[in-house]
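A.B. asks: Quick note: the sequence shown, position 227, residue 227 per full-length UniProt numbering, numbers continuous. Glycine included, every Cβ here is placed at the ideal spot set by N, Cα and C.
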Amino acid sequence: MADWTEKYRPSTLSEVRGNDKARDAFAEWARSWDDHREAVVLHGSPGVGKTSAAHALANDMDWETVELNASDQRTADVIERFAGRAARNATLGGSAAGGGASGGDTASRQLVIVDEADNIHGNYDRGGASAITKLVKESGQPIVLIANDYYDMSRGLRNATQEIEFRDVSARSIVPVLRDVCRKEGIEFESDALQRIAEGNRGDLRGAVNDLQAATQGRDSITVEDVVTGDRDKALGLFPFLDAVLKEESAEEALRSAYAVDETPDDLMRWIENNLLDVYEPAEAVRAYDFLANADVWLGRVRATQNYSYWRYATDNAAAGVAAARDGEKGGWTRYGRPQFWSSSDATADEIVGKIAAASGCSVATARREVLPFLESVTHHCKPRELTVAMAAAYDLDEEGVAFVTGSGESTNKVASIVEDAQARREELIEEHADGAFALDAAGRADDGEDAASDGDDSPLDGAETNAAGTDRDDSVDEGSSDGAGDGDADGAGDDQAGLNDFM
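(1) Check S95 in the structure and name its three-state DSSP category.
(2) Among the residues of its own chain, which have a CB less than 6 angstroms from the CB of residue 514, if the five just before and after it don't count?
(3) May I ask which residues mark the beginning and end of the alpha helix (DSSP H) holding E252?
(4) Please name the residue in K330, W63, A324, R206 whose C-alpha comes closest to that of A171.
(5) For F404, which of helix, strand or coil comes out of DSSP?
(6) Check whether the stretch 316-325 and the stretch 241-256 touch, using three or more Cβ-Cβ pairs below 8 angstroms as the test.
(7) On the DSSP bridge list, what partners appear for H36?
(8) Inspect the CB distances between the stretch 150-161 and the stretch 10-19 and report whether three or more fall short of 8 angstroms.
(9) Can the beta-carbon of A393 be found less than 7 angstroms from the beta-carbon of V419?
(10) Pick out whichever of D192, N148, E67 has its Cα sitting closest to the Cα of A114.
(11) Around the Cβ of R31, are there at least 16 other Cβ atoms within 10 angstroms (buried) or fewer (exposed)?
(12) Let me know if A186 comes out buried or exposed under the rule of 16 or more other beta-carbons within 10 Å of its beta-carbon.
(13) Among the residues of its own chain, which have a CB less than 8 angstroms from the CB of M269, if the five just before and after it don't count?
(14) Could you give the distance in angstroms between the alpha-carbon of D24 and the alpha-carbon of K50?
(15) How many Å lie between I222 and A2 at the Cα?
(16) For E428 and T264, what's the separation of their Cα atoms in angstroms?
(17) Tell me, which residues are paired with F189 by DSSP?
(18) Whole angstroms is fine: what's the gap from Q195's alpha carbon to V175's?
(19) So, V169 versus D192, is the Cβ gap smaller than 7 angstroms?
(20) Just reading off the beta strand (DSSP E) that L111 is part of, what are its end residues?
(21) The beta strand (DSSP E) that contains V66, what's its start and end?
(22) Please go through the stretch 348-398 and give each complete alpha helix (DSSP H) segment of 4 or more residues, from N-terminal end onward.
(23) Could you spell out where the alpha helix (DSSP H) holding E165 opens and where it closes?
(24) Going by C-alpha distance, which of A324, A357, L387, H36 is nearest A248?
(25) Identify the residues that DSSP records as bridge partners of I143: which are they?
(26) I need the straight-line Cα distance from G456 to T406, nearest angstrom please.
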């Protein structure tokens, strides 16, 4: 069965529902593009029609499209190779576009669509953020950036673009869409059933269509009793979703839960795979991994063909298949863990692994794959406290960073006090290793008598730099031996965390 959100995607802007003002502003941006030549950001909650509007506009204007989706590896090289080609006025066939800088034939233009533009920043080792900013400023073709949170984008990117907000779609606008889908699919319906679906999705049109498809699967009619979806708080949480798939619900119910989660199928599969063995018995796990392997095949086809209707089959296998592999319901509480190989779209993880890599002298990949999971294990819920303070000091983590690594609440007094102590420790170490470089005389000037810059042998910054960056191996060995922080428990991560030992 085809994904209805793809099957009934608007083919023209006039079919985009619930955001008339934004739709009209978007159309005006396209018509007047020759006059301003600026990129535009469409921002708003998931499921309100931003990406659909971009493709509909391209159809209206008879423009080709080049799309960088959230599932793509959006490195600087990829952005330059695909979107950059369009920006330099090359058509998909490789010929020059007449509608470039000269403002000629508008039908030969390409619309460059960059999805999840608010999740590109933080790619420390990829250059994706700078490549997008450069693309926006230098493009000779219209560019649409899609974002959920406008202010998660960099200030420079916001300043270089126009912005159009797509608001949550009202239930009054969602119901006619559901009614049209039912009529086209030959499904009889009770009006109250469609109203309940619309109200339960709270502004998410895409989610409402998904719920309608789930509720009518295998039926030729829908009543109020058939609608089992509860209110979406924008999206079902990941942990309730994992409970549904791995513990509680049938295959059909698990599939409905997958529709309610605001995550792509590849991210859902990572979460399931990472936590499967904590819940399933070996025989159940064997069956479940067969379904996950099938899901991975479908995701591979999505990446190869850019046909996102295949997402449906990946979700079928990852959610319904894994739930079907379970022998009955399971009880108890499980601490679900974040996947180690988390996608680069997670800005917080990117920022933390970037700091770890810089301080430890290792690659970002090593920091993500080996060091971060080790730190999460040894500082779980900020215990032991001294080690957590040392970690926060070594990598200069704020409350958000400490909460991410330890799993503690970001707004708790415990995390705030750890960050405060870590900052004090950093300042002490900087002063200790500066060899008097920051000493001031009574007049507020640097103390010439102790000015290490005039000292012929040692630079006052040598000690501070080597220790802060984690490259002073002598100090690391001494400190690690004395208090046990660098003992054999760390094994593979020991060398990469030399920067941590200086703060112990």
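C.D. replies: According to the structure data:
(1) Your numbering for residue 95 matches position 95 in the sequence shown. Summary for S95: the model assigns pLDDT 40, below 50, so the residue's position carries little reliability, and this model does not support an answer.
(2) No statement about residue 514 is possible, as the shown extent of the chain runs from 1 to 504 and does not include it.
(3) Within the sequence shown, residue 252 is the residue found at index 252, counting from 1. Per DSSP, E252 belongs to the alpha helix (DSSP H) from 251-259.
(4) Numbered from its first residue, the sequence shown carries residue 171 at position 171. Among K330, W63, A324, R206, the Cα nearest to that of A171 belongs to R206.
(5) As a working note, residue 404 is residue 404 in the sequence shown. Reduced to three states, the DSSP call for F404 is helix.
(6) yes
(7) Counting from one through the sequence shown, the residue named residue 36 turns up at place 36. BP columns for H36 are empty, so no partner.
(8) no
(9) Position 393 of the sequence shown, counting from 1, holds the residue named residue 393. Position 419 of the sequence shown, counting from 1, holds the residue named residue 419. Not a contact, by the Cβ cut-off of 7 angstroms.
(10) Reading the sequence shown from its first residue, position 114 is the one you call residue 114. For clarity, residue 114 is Val in the given sequence; the question names Ala instead. When only C-alpha atoms are compared, the closest one is E67.
(11) The residue you call residue 31 lines up with position 31 of the sequence shown. That one is exposed.
(12) One-based indexing of the sequence shown puts residue 186 at position 186. It should be pointed out that residue 186 corresponds to Gly in this sequence rather than to Ala. Flag for G186 reads exposed.
(13) On the sequence shown, position 269 is the one that residue 269 refers to. Excluding sequence neighbours, M269 sits near L292, A295, D296, L299, A314, A318.
(14) Residue numbering aside, residue 24 sits at position 24 when the sequence shown is read from its first letter. Residue numbering aside, residue 50 sits at position 50 when the sequence shown is read from its first letter. So the two alpha carbons sit approximately 13 angstroms from each other.
(15) Residue mapping note: residue 222 aligns to position 222 of the sequence shown, counting from 1. Residue mapping note: residue 2 aligns to position 2 of the sequence shown, counting from 1. For I222 and A2, the distance between alpha carbons rounds to 19 angstroms.
(16) Within the sequence shown, numbered from 1, the residue matching residue 428 stands at position 428. Within the sequence shown, numbered from 1, the residue matching residue 264 stands at position 264. Roughly 45 angstroms between the two C-alpha positions.
(17) In the sequence shown, the residue the question calls residue 189 occupies position 189. Per DSSP, I222.
(18) Looking up residue 195 in the sequence shown gives position 195. Looking up residue 175 in the sequence shown gives position 175. Computed Cα separation, rounded: 6 angstroms.
(19) For the purposes of this step, residue 169 is identified with residue 169 of the sequence shown, where counting begins at 1. For the purposes of this step, residue 192 is identified with residue 192 of the sequence shown, where counting begins at 1. For V169 and D192, no; Cβs fall outside 7 angstroms.
(20) Taking the sequence shown and counting its residues from 1, the one referred to as residue 111 is at position 111. Looking at the DSSP string, the run of the beta strand (DSSP E) that includes L111 is 110-114.
(21) Translated into positions along the sequence shown, residue 66 becomes position 66. It spans 64-68 - the beta strand (DSSP E) in which V66 sits, taken as one unbroken run.
(22) 372-378, 385-394
(23) Residue numbering aside, residue 165 sits at position 165 when the sequence shown is read from its first letter. That residue, E165, is in no alpha helix (DSSP H); its beta strand (DSSP E) goes 161-165.
(24) Here residue 248 refers to the residue found at position 248 of the sequence shown. A quick correction: the sequence has Glu, not Ala, at residue 248. Checking every option, the nearest Cα to that of E248 belongs to A324.
(25) What you label residue 143 is simply residue 143 of the sequence shown in a count that begins at 1. Per DSSP, V112.
(26) In the sequence shown, the residue the question calls residue 456 occupies position 456. In the sequence shown, the residue the question calls residue 406 occupies position 406. In this predicted model, G456 has a pLDDT of only 44, less than 50, meaning its place in the structure is not dependable enough to derive any value.
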